[in-house]
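Below is one structure; the comments refer to it alone.
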Amino acid sequence: MNTSKLPKMLYGGDYNPEQWDKSVWPEDMRMLQLAGMDIATVNVFSWAMIQPSEDSYQFETLDAIMDMLHQNGIYACLATSTGAHPAWMARRHPDVLRTDFEGRKRKFGGRHNSCPNSPSYRLYSTRIASKLAERYKDHPALLLWHVSNEYGGECYCDNCEAAFRIWLQQKYGTLDKLNEQWNTRFWGHTYYDWDEIVLPNVLSEQWSSNRTSFQGISLDYARFNSDSMLDCYKLEYDALKQHTPDIPVTTNLMGTYKPLDYFKWAKHMDIVSWDNYPSADTKTSFTAMTHDLMRGLKGGAPFLLMEQTPSQQNWQAYNTLKRPGVMRLWSYQAVAHGADSVMFFQLRRSVGACEKYHGALIEHVGHEHTRVFRECAALGEELQKLGDKVIGARQSSRVAIMYDWDNRWAVEFSSGPTIALDYVNEVHKYYDALYQQGIQVDLVSFEDDLSSYQVVLAPVMYMVKPGMASRIEAFVKDGGTFVTTYFSGIVNENDIVTLGGYPGELRNLLGIWAEEIDALFPDQTNRIIMKESLGSFGANETFKCSLLCDLIHSEGADILAEYGDDFYAGMPVLTRNQFGAGQAWYIASSPEASFLQGFLGELCKQHHIEALPGKQPNVEVTRRDKDGIGYLFIMNHQAGSTVIDLGSETGINLLTGQAVSRQTELAGYDVMIVEIK
Amino acid sequence: MNTSKLPKMLYGGDYNPEQWDKSVWPEDMRMLQLAGMDIATVNVFSWAMIQPSEDSYQFETLDAIMDMLHQNGIYACLATSTGAHPAWMARRHPDVLRTDFEGRKRKFGGRHNSCPNSPSYRLYSTRIASKLAERYKDHPALLLWHVSNEYGGECYCDNCEAAFRIWLQQKYGTLDKLNEQWNTRFWGHTYYDWDEIVLPNVLSEQWSSNRTSFQGISLDYARFNSDSMLDCYKLEYDALKQHTPDIPVTTNLMGTYKPLDYFKWAKHMDIVSWDNYPSADTKTSFTAMTHDLMRGLKGGAPFLLMEQTPSQQNWQAYNTLKRPGVMRLWSYQAVAHGADSVMFFQLRRSVGACEKYHGALIEHVGHEHTRVFRECAALGEELQKLGDKVIGARQSSRVAIMYDWDNRWAVEFSSGPTIALDYVNEVHKYYDALYQQGIQVDLVSFEDDLSSYQVVLAPVMYMVKPGMASRIEAFVKDGGTFVTTYFSGIVNENDIVTLGGYPGELRNLLGIWAEEIDALFPDQTNRIIMKESLGSFGANETFKCSLLCDLIHSEGADILAEYGDDFYAGMPVLTRNQFGAGQAWYIASSPEASFLQGFLGELCKQHHIEALPGKQPNVEVTRRDKDGIGYLFIMNHQAGSTVIDLGSETGINLLTGQAVSRQTELAGYDVMIVEIK
Amino acid sequence: MNTSKLPKMLYGGDYNPEQWDKSVWPEDMRMLQLAGMDIATVNVFSWAMIQPSEDSYQFETLDAIMDMLHQNGIYACLATSTGAHPAWMARRHPDVLRTDFEGRKRKFGGRHNSCPNSPSYRLYSTRIASKLAERYKDHPALLLWHVSNEYGGECYCDNCEAAFRIWLQQKYGTLDKLNEQWNTRFWGHTYYDWDEIVLPNVLSEQWSSNRTSFQGISLDYARFNSDSMLDCYKLEYDALKQHTPDIPVTTNLMGTYKPLDYFKWAKHMDIVSWDNYPSADTKTSFTAMTHDLMRGLKGGAPFLLMEQTPSQQNWQAYNTLKRPGVMRLWSYQAVAHGADSVMFFQLRRSVGACEKYHGALIEHVGHEHTRVFRECAALGEELQKLGDKVIGARQSSRVAIMYDWDNRWAVEFSSGPTIALDYVNEVHKYYDALYQQGIQVDLVSFEDDLSSYQVVLAPVMYMVKPGMASRIEAFVKDGGTFVTTYFSGIVNENDIVTLGGYPGELRNLLGIWAEEIDALFPDQTNRIIMKESLGSFGANETFKCSLLCDLIHSEGADILAEYGDDFYAGMPVLTRNQFGAGQAWYIASSPEASFLQGFLGELCKQHHIEALPGKQPNVEVTRRDKDGIGYLFIMNHQAGSTVIDLGSETGINLLTGQAVSRQTELAGYDVMIVEIK
């Protein structure tokens with residue numbers, strides 16, 4: 001979807017009128033319009049309705065919904081409904097049911113419940129997508145296809161097992177190659193026949209979701225499972241495209257959701273969309289990072305905020321209400337990071353089943369005189385005024401953080417050195433250090449081009465895929481600054497150790513050798529002691545570090561800081577290697593936040609990368625640009641008001657129409673979008 | 001059983017002589033008599049003995065036991081033995097074995113292990129009950145039938161699945177109705193054939209015992225499962241009644257045990273009996289509440305204390321000994337709340353298997369020279385002296401607390417707003433507030449008549465069943481005071497939300513609208529600030545509240561207190577609505593104990609409901625009445641002695657024979673039963 | 001193996017060259033020699049390699065390995081490779097796969113994965129052992145057979161079920177006897193046919209690994225499972241012995257591993273060997289106790305340290321590096337307690353799968369310039385110098401602690417009185433009290449001869465097996481001092497209570513009766529108050545005790561101390577009964593460490609059992625003797641140096657060659673072996 005051609009930010013959300021009597025619909029339309037909405041995601045869970053049996057289809061209700069939307073000036077984000085199969089299908093074609101990690105064949109129930117290698121599921125899901133495309137291809141309401149819903153989970157059935165063997169044959173060609181890359185001679189697991197391979201779950205190689213005897217098979221299963229679901233998506237995608245080549249297709253992703261390699265998925269999506277459900281105690285920088293990750297999936301292209309709750313969720317432990325202003329604030333946070341839509345789950349609350357206590361535009365009371373509705377309507381009005389100003393605008397970052405699903409899987413499957421290593425958490429530490437300083441970041445894959453960045457961070461780059469090392473070396477040679485950490489450069493793409501000394505393929509670039517890796521207990525720390533001053537750090541200044549401590553030796557790198565404690569006190573903990581025109585840094589442990597802020601701040605300073613204006617504690621700032629105009633988003637993430645200092649920057653606050661410059665007061669949870677020409 | 005015709009309080013317990021060599025029996029008889037016992041529950045787990053194979057029955061041992069009991073002046077509470085099926089039956093008829101929540105077919109083992117919809121179990125359990133009734137119908141020892149034992153658990157086998165579909169057909173008539181009431185259009189679960197419905201467990205709709213995708217099916221399964229076991233009970237009941245229409249029938253219940261709807265069960269029991277196993281750290285008011293719930297099952301009729309331990313349990317984590325005096329104290333606590341018996345599990349400790357470290361009248365040492373035996377014998381002597389004084393006496397309460405199993409299931413299946421909401425715990429907060437003030441309470445079902453009460457409390461009345469709202473309205477109109485809380489009036493009997501604004505059907509009565517429900521994290525609180533003085537509360541007095549906070553608006557109700565914090569500070573938290581001659585109160589959050597005590601104390605005061613005399617901290621007081629005589633039970637639940645002040649009340653302490661009035665000392669863990677004429 | 005004939009301490013470890021390209025092998029040999037190694041455990045997980053299909057065997061690689069070892073002066077500890085079956089076998093003969101505790105049939109994966117009652121596994125494992133023995137019987141490298149690997153786990157398949165019934169028939173003869181000893185009349189579990197008996201797991205009698213309805217069946221299953229694996233071991237043992245009657249056979253044990261009764265196993269092992277994997281926070285006295293237990297398995301004979309890590313483990317939560325010196329220190333600790341070898345897992349780190357982050361002599365870097373290698377090589381050199389000095393030397397202890405697997409199983413299956421009772425932990429409290437005072441201890445089975453000891457401790461001797469009571473009585477009569485504790489003497493070997501008063505068969509010996517057993521909550525304690533002075537304890541001195549408190553009465557025993565608190569304050573807690581020429585002590589609760597140290601110290605003093613010279617806090621001392629020469633091991637388990645006072649003892653420190661006497665400084669983590677003539 002070329003979002004830059006939209007007249008305004010899309011505003012709307014999931015809408016399930018088929019769950020209601022038709023008498024309610026006109027009221028829905030009135031209220032959607034009252035709220036300034038222009039898009040509705042429909043047909044998400046209607047498969048059982050539109051295909052009541054094997055060979056019959058009933059589109060009357062959906063027809064009526066589509067027509068009604070159109071008549072009321074509302075676009076349809078039309079879902080293919082395959083996120084949950086009908087009960088009759090489960091009974092007639094039990095192959096659609098999954099087998100779980102414990103090896104249990106499931107029965108009908110839940111959603112996101114179809115085996116991705118079920119012949120029946122693939123047949124019927126593709127067929128319904130095709131039927132929908134054929135029927136609605138020329139419908140004026142149709143703006144966007146929404147394939148299935150929140151793909152996820154895993155299946156361990158016999159069909160998956162057979163498909164896994166084929167997937168492996170395609171990957172490895174020969175069993176010899178597979179035996180080598182899985183190192184099956186360890187524990188005598190050598191396979192002599194493809195059919196000897198069984199899926200890795202609690203009945204075979206794994207004893208929990210993260211614990212496995214053989215990382216190779218578990219890692220490949222994770223890829224296979226992601227690919228299997230992607231295949232299901234692609235089958236529907238192709239079916240849709242056959243009838244509507246020009247209608248963009250998406251499916252709603254889930255941020256840092258672990259089981260699916262979204263970088264791989266995004267290649268097959270016309271536009272990325274995702275569902276943002278922070279908890280009341282989620283850090284705002286974590287949400288920001290997740291938005292940036294979603295934007296990074298397609299190289300910085302704007303994305304859609306497909307779902308968020310207007311107020312409350314139902315599935316968290318303690319479902320706190322979003323405080324007044326917070327829904328608006330978080331909506332703009334999405335836009336600030338690249339969203340070209342603000343959409344909700346859900347427009348009308350259901351009366352029964354497990355999501356009835358999930359917030360909605362239209363609450364159970366049924367009228368518009370609620371806080372939640374008022375806030376939604378006010379936002380709708382604002383977005384209307386905002387027009388197409390920001391649509392299609394892009395962020396421009398000079399710092400990138402490398403992020404990778406394969407790497408995460410491998411890190412978290414690792415047996416040793418510590419169970420406390422959480423990849424996303426470690427990445428977030430680096431992200432947060434920049435966020436706190438108002439420095440904009442892109443999240444890029446292990447395969448993305450790095451040439452547009454000055455500083456590239458790769459926390460816990462445990463896995464080095466083919467070609468990566470030379471690409472990073474080229475980046476540094478050309479003057480870039482590269483930072484990586486402990487437990488990096490250890491394995492190849494199949495979790496086979498690169499022999500000859502850690503950090504393996506990165507050793508030459510980094511100019512160090514990591515001889516040992518010490519794991520600290522959760523209550524233990526070591527110290528980073530600066531050997532010389534660096535930016536704002538004085539010589540001998542000390543910081544805490546924890547989690548893992550690589551015991552490294554310099555092989556040419558400058559030693560900037562040393563450990564302060566234990567038998568490796570005096571060994572390097574922070575090194576910098578001059579490499580061509582650039583520098584490659586190694587941080588041998590997991591430092592406290594103040595270290596990362598000072599250190600990364602200094603790197604940015606060296607590259608003249610400056611904080612966005614207006615940044616201060618608890619205030620987030622981002623910038624999007626389009627056609628030579630900058631849009632500065634300034635978000636006050638605290639209940640109290642504060643005074644923003646824009647420095648020399650001036651512009652118009654698009655949300656108030658007022659000119660702003662220098663000192664401007666910003667209310668609690670309030671937002672400014674400053675247009676800068 | 002017309003317990004009022006008994007010559008004295010029944011005293012005895014579970015007795016399993018068939019586990020012992022007959023040479024031990026005479027010693028048993030000697031010791032039971034020494035302990036003053038007159039009833040023994042026999043044949044509880046003897047099915048394998050009395051029916052050693054499909055077609056053979058051997059009653060010789062049981063005959064001998066029955067005869068021996070009679071010869072020694074001991075009544076038999078004769079169990080039907082169907083609480084655990086024989087091993088041969090499990091092997092021959094595997095349909096008696098259950099399938100568990102994880103979908104695993106069980107093998108032979110444990111107890112309470114029979115599928116309630118197993119044709120074999122129903123056939124054989126009914127047949128053995130019939131055989132027993134036929135054989136012992138005229139036996140002089142037979143006083144009472146004890147069907148099976150501690151019914152409980154769940155089964156998810158194919159027989160249950162088939163039976164569930166029939167149960168549903170009977171309830172809903174049509175699939176359309178079922179689809180509507182389960183809201184199956186949500187997530188596209190529409191059923192087109194009854195056979196598409198599968199049992200809700202971890203393989204289908206539920207992901208843990210309390211978490212479900214569809215509350216409707218899970219709630220119906222809970223009802224169905226309770227009904228299935230009740231059917232088993234009723235089959236045995238009918239078989240017994242055919243031969244012994246005049247012998248009362250019971251089965252031992254388990255207090256607040258969640259899976260069985262005891263209000264429904266009690267309709268089919270001639271007398272309620274239950275097993276009381278508090279832990280050393282169970283609050284005495286919790287035990288008191290449970291006794292009151294058991295008494296409430298049959299509208300206040302006396303019940304039997306069927307089991308308690310003489311000293312120690314075996315299945316708790318830390319099986320503390322009951323301190324000297326505590327067994328007696330807790331025995332009288334049962335009587336104080338309506339029990340007409342004091343019975344133990346067990347009379348003689350088993351030598352092997354999992355209950356051998358459970359306390360018994362006759363310990364492993366085998367003689368009577370033990371602390372436990374001495375305490376039992378002393379109590380036996382006391383009960384002998386007490387005669388029939390209290391038998392059949394009833395409590396007279398002017399305050400009722402509404403309690404309901406369906407409501408509990410629905411509350412605890414709810415996805416949102418908080419996982420911290422524990423129905424029994426919330427009910428107990430209200431109970432405890434009255435208990436601490438010496439005000440007697442009845443626990444009544446959602447269907448019981450309320451006309452005899454002045455004050456009715458309905459904490460977390462989430463579910464409003466058909467007709468309830470108008471019955472409560474009538475109660476208030478007639479001058480009653482009704483109190484309910486946050487998260488009330490939300491759904492109908494199938495967990496479908498009552499649209500139009502919370503608290504739904506109760507909105508008119510309460511004169512409020514609850515717009516939103518905020519969930520607090522466990523470490524969060526809000527404040528209740530009194531707007532004006534109320535009873536002992538001064539204006540501006542403040543109290544903590546937590547868990548959930550309804551954001552309510554008055555629609556006519558007086559606002560007595562407001563929230564003190566957060567964005568809803570100043571919104572009502574305590575309201576009172578004049579309705580006819582009475583008042584309907586709403587407490588919008590879960591207040592701390594001091595608030596509830598003061599508030600409920602004031603309501604009682606308004607109705608001239610006074611504390612029972614003698615009440616003081618750690619001392620419990622109840623009153624039973626019979627034939628114009630009052631029996632005041634005064635129980636000192638602390639190790640140290642205290643002085644009881646009876647005020648103007650005087651009478652005879654039946655346990656000492658001494659007259660008491662005004663100031664009377666009561667030793668640690670001691671009890672008085674003051675007869676007041 | 002007559003280890004006393006070895007020229008020196010064996011030094012080496014697990015070596016898996018078949019996982020590597022042959023080009024690496026010469027480098028391995030160079031480095032092993034550089035490290036002074038002389039033994040390599042090979043073929044541990046090579047079954048799939050040497051038997052690639054049902055009827056084919058390929059020994060070429062193993063031949064080459066054996067030849068290479070020999071050519072490089074390295075012995076082979078030749079494993080039979082049956083610790084993990086090949087994938088093809090799992091596919092062809094699924095009976096080799098286990099069924100787990102949850103009743104789930106497993107698929108191929110992991111290791112230690114074969115059903116011990118699988119006909120296929122028994123056939124093929126015996127056959128491969130036989131083939132190996134036939135092929136290598138005359139190979140000059142062959143020093144020792146290593147059967148399978150770390151036997152363990154459990155199986156619940158139908159083959160096991162059938163075998164269990166036969167095992168039971170052999171044990172009990174008749175169902176009547178079984179029914180009696182399992183007390184199946186409890187809960188009506190009487191069996192009328194052997195085929196009615198099913199394995200006790202989560203589908204039948206158990207609800208978790210430690211919780212069972214019937215202790216009898218669960219205890220017998222534990223024995224049966226241990227015996228089943230022992231049968232597998234014995235089948236291989238016999239196959240090996242047929243070809244190589246003079247080559248010693250071992251299998252590597254795992255210390256206090258619960259499921260296998262190692263005392264029973266050791267009877268069938270020529271030499272005990274075990275794998276020692278303490279965590280960074282394991283107490284050194286716990287490791288010491290475990291070594292002593294392993295030495296005790298064959299009545300004090302030296303054993304082999306088969307595995308330890310050179311530095312890091314991979315499977316712990318936080319895999320701390322062994323600090324410099326600690327690997328050497330812990331190696332000598334093994335030797336100090338009776339090991340005649342120092343062996344590692346592993347000699348070269350694997351490149352893939354779950355143990356690649358487990359330490360190794362040859363790390364991933366591949367060269368010898370690592371801290372770990374240097375420490376290993378230094379130790380190798382030291383052991384070379386040490387020669388055969390200590391080989392075959394034995395410890396001489398006058399104190400024994402009784403330890404028993406059956407007892408542990410029974411204690412931990414017990415339902416009541418507390419879940420907090422951990423048998424090994426309680427035994428360790430007694431061990432540690434002696435360890436802290438430098439008093440050497442043997443761990444002996446419940447069947448071992450006690451006549452060589454002066455003091456015998458039996459903590460939590462819950463189970464008294466046939467003949468035990470009279471053997472202990474004879475020991476005491478002859479002047480011995482016996483100490484047992486709360487929860488002792490309760491049951492027979494089938495967990496049937498000995499009636500007539502606790503401690504049952506020990507009651508006469510101890511002169512007490514335990515009337516009740518109180519369980520304390522984890523935060524509760526009672527007090528031990530000395531009635532009179534005893535050794536270093538003054539009268540009225542008090543100590544804490546916790547966990548369980550037996551309420552005992554003296555029946556002739558002297559009361560040395562009484563409880564200080566609760567209703568049993570003043571009852572005995574420490575008693576001593578004169579019995580013949582000796583004394584039998586009872587400690588009725590679990591005391592704090594200072595009590596046990598003072599009390600056991602006093603008992604030793606009474607028997608003139610003195611501390612080994614050099615003992616001080618954090619310094620461990622043991623002594624081995626051979627041919628009239630004593631070897632005093634003095635180990636400094638702390639980072640800092642300390643001064644050792646040897647008193648009047650003098651000798652040569654074999655590790656430095658220097659004479660030592662009186663005050664000698666010992667560096668942090670350093671060791672002395674003082675040769676005393």
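If you're matching them up, the sequences are chains A, X and H in order.
Per the UniProt record's numbering, the very first residue in the first sequence carries number 1; after that it's consecutive.
Per the UniProt record's numbering, the very first residue in the second sequence carries number 1; after that it's consecutive.
Per the UniProt record's numbering, the very first residue in the third sequence carries number 1; after that it's consecutive.
Using N, Cα and C, we set each Cβ at its ideal position, and we do this for glycine too.
Just so you know, these numbers come straight off a predicted model, no measurement behind them.
query                                                                                                                : result
Against chain A: residues of the region 175–189 of chain X by CB proximity under 7 Å                                 : Trp182, Asn183, Arg185, Phe186, Trp187, Gly188, His189
Nearest neighbour of H/Gly13, chosen from H/Phe108, H/Leu547, H/Phe345, H/Leu457 [CA to CA]                          : H/Phe345
Spatial distance of H/Val444 from H/Asp63 (CA atoms)                                                                 : 41 Å
Separation of H/Pro617 from H/Ala659, as counted between CA atoms                                                    : 23 Å
Beta-carbon gap between X/Ser130 and X/Tyr121 smaller than 8 Å                                                       : no
The alpha helix (DSSP H) enclosing H/Cys77, as first and last residue numbers                                        : That residue, H/Cys77, is in no alpha helix (DSSP H); its beta strand (DSSP E) goes 75–79.
Inter-residue Cα distance where the pair is A/Ile528 and A/Cys549                                                    : 11 Å
Chain A contact residues for H/Val351, given Cβ-Cβ distances below 7 Å                                               : Asn183, Ile496, Val497, Leu499
Three-way DSSP call (helix, strand, coil) for X/Asp518 in this model                                                 : strand
Buried versus exposed, by CB contacts within 10 Å (16 or more), residue 710 of chain H                               : Residue coverage of chain H in this structure runs from 1 to 677, which leaves residue 710 of chain H outside it and unanswerable.
Option nearest A/Phe373 by Cα separation, candidates A/Arg30, A/Lys8, A/Pro7                                         : A/Arg30
Three-state class that DSSP yields for X/Gln316 in the structure shown                                               : coil
Min CB distance H/Glu307 to chain A below 8 Å                                                                        : no
Close-in-space but distant-in-sequence residues of the same chain around X/Lys107 (CB under 8 Å, 5 per side omitted) : Ala90, Leu97
Beta carbon proximity, X/Thr212 to chain A, threshold 8 Å                                                            : yes
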